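Structure first, then comments.
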Amino acid sequence: MINVTKTFLPPLKEYTEYLKKIWKTGIVTNQGSLIEELEYKLKEYLGVKNLLIVSNGTIALQIAIKALEFKGEVITTPYSYVATTTSLLWENCKPVFCDIESQTFCINPEKIENKITEKTTGILATNVYGFPCEFKKIKLIADKYKLKVIYDGAHAFGIKLNNKSVFTYGDISTLSFHATKLFHTIEGGAIITNNEILSEKMYLYRAFGHLDENYLSIGINGRTSEFNAAMGLCILPRITEFIEYRKKINKLYRKYLKNSSIVFPYIPRNIFYNYSYFPIIFPTEKIMMEVKRALEMNNVFARRYFYPSLNRLPYIDACHCPVSEEISEKVLCLPISQELKDTDVRKITDIIKIQLKKKKY
Ligand SMILES: *Cc1c(COP(=O)(O)O)cnc(C)c1O
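Just so we're on the same page, the working numbering is the position in the sequence shown counted from 1, plus 12.
Okay, structure coming up:
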């Protein structure tokens with residue numbers, strides 16, 4: 013069976029070396045030394061100043077929304093994982109969907125200003141599949157209307173724009189370290205900001221708002237454990253190798269599917285990309301579904317990342333985002349992982365090509 017992704021597990025011996033440390037200190041959670049070590053190494057690897065590890069990517073979003081005091085309306089992308097929208101709703105904000113740009117799949121900055129009302133307090137955009145949003149244009153708009161900006165960077169681990177981490181843009185960026193993501197801690201996530209004051213505020217929010225016996229602010233439980241940090245410490249040294257490997261897989265897919273009616277995402281030349289997903293766009297939803305089923309018959313499980321377009325969720329007031337809706341109907345993410353072989357890519361692309369040939373579309 014081939015799934016859209018495969019969680020990497022390090023050699024057990026490597027993981028148990030970290031477990032020995034945990035058994036030695038008896039510290040299993042509450043910002044132990046492994047979390048401290050992982051936070052330090054992640055800051056170094058990602059090239060960011062302040063980074064807080066939290067228990068998942070959704071609580072990262074919720075803490076960020078709370079810290080920036082988003083309320084009323086928040087302009088957001090319809091093309092992302094559902095957590096981007098539900099975290100806003102959970103924090104009592106009204107998501108106002110702004111359509112995406114068809115080449116980058118990210119929020120279209122030209123369409124943001126039209127959506128701003130006196131109730132707007134912020135922008136929550138996703139660097140979807142790791143592709144950077146138009147940071148400069150979004151900043152100009154945010155500054156003009158005094159709005160704060162959060163980037164959901166759950167897909168953007170390690171990505172750089174003009175040699176600078178994408179996580180240095182906006183007021184806050186959030187990450188997910190879920191087992192399906194490129195870098196994982198089984199469950200986990202992080203919050204990144206350049207702003208020291210915001211960082212201290214969120215540090216308190218992460219653990220009930222108190223430092224020892226000083227109760228300083230409201231808070232929630234966003235902590236993660238030493239066991240999760242241990243997994244991260246085993247995975248982090250391998251990330252460069254993972255990205256290199258996935259880059260090769262990405263190339264193979266493009267080679268084998270060349271001259272077909274499939275559209276591939278455009279990877280800008282000024283970014284260092286992480287190849288964490290391989291989305292392709294079919295001419296129609298019907299063909300996409302036929303390919304998906306044909307793959308399933310052969311035990312290959314591609315996923316409809318991202319469908320539905322989030323403005324079409326049943327608990328959202330109806331609104332129209334034609335670009336996002338169209339792409340979400342025709343997109344399929346093909347399997348990509350550090351365990352996928354050239355022969356797997358051949359098998360998958362052969363199945364796709366047979367389906368495409370079946371009818372004259
Ligand atoms: C995975 C993901 C999340 C949620 O992260 P969890 O760690 O699963 O809570 C949020 N946003 C996006 C874009 C994601 O892909």
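We treat Cβ as the ideally placed atom computed from N, Cα and C, and that holds for glycine. Just so it is clear, the structure is predicted and the values come from calculations on it, not from any experiment.
In summary, Pro334 is exposed, with fewer than 16 beta-carbon neighbours lying within 10 Å of its beta-carbon over all protein chains present. Note on geometry: alpha-carbon atoms of Glu56 and Ala330 lie some 43 Å from one another. Relative to the non-hydrogen atoms of ligand 1, the Cβ of Tyr93 comes within a distance shorter than 6 Å of at least one. By the criterion of a C-beta distance shorter than 6 Å, Ile128 is surrounded in its chain by Tyr157, once the five residues flanking it on both sides are discounted. Taking 6 Å as the cut-off, one finds at least one heavy atom of ligand 1 near enough to the beta carbon of Asn68.
Per the DSSP secondary-structure output, Gly134 pairs in a beta bridge with Val86, Lys160. Assignment of Tyr227 by DSSP, reduced to helix, strand and coil, places it in the strand class.
Within the region 232-318, the runs of alpha helix (DSSP H) that reach at least 4 residues and sit entirely inside it are, in chain order, 238-247, 251-268, 297-309. Counting the other Cβ atoms within 10 Å of the Cβ of His196 gives 16 or more, which makes it buried. When C-alpha distances from Ala79 are compared across Tyr287, Ser211, Thr236, the shortest belongs to Ser211. At a cut-off of 6 Å, the beta-carbon of Gly38 does not count as near ligand 1: no heavy atom of the ligand is closer than that. Leaving aside the five residues that flank Glu341 on each side, the residues in its chain whose CB is nearer than 6 Å to its CB run, in chain order, Glu297. Annotation: the continuous alpha helix (DSSP H) that includes Ser45 extends over 45-58. 7 Å or more divides the Cβ of Lys259 from the Cβ of Tyr227.
For Ile14 and Ile119, the gap between their C-alpha atoms comes out near 31 Å. Relative to the Cα of Phe254, the nearest Cα in the group Ser349, Val108, Asn104 belongs to Ser349. Ranked by Cα distance from Asn175, the options Glu81, Lys106, Asn282 are led by Asn282.
Annotation for Thr129 indicates a beta carbon at 6 Å or more from all heavy atoms of ligand 1. In the three-state reduction of the DSSP assignment, Ile366 falls in the helix class, which pools H, G and I. Taking the CA atoms as reference points, Tyr319 sits about 9 Å from Ile339. When DSSP reads this structure, Ser177 sits in a beta bridge with Lys172. Looking at the DSSP output, Val140 bridges to nothing.
Annotation: the continuous alpha helix (DSSP H) that includes Ile71 extends over 69-79. A direct Cα-Cα distance of roughly 43 Å separates Leu101 from Asn271.
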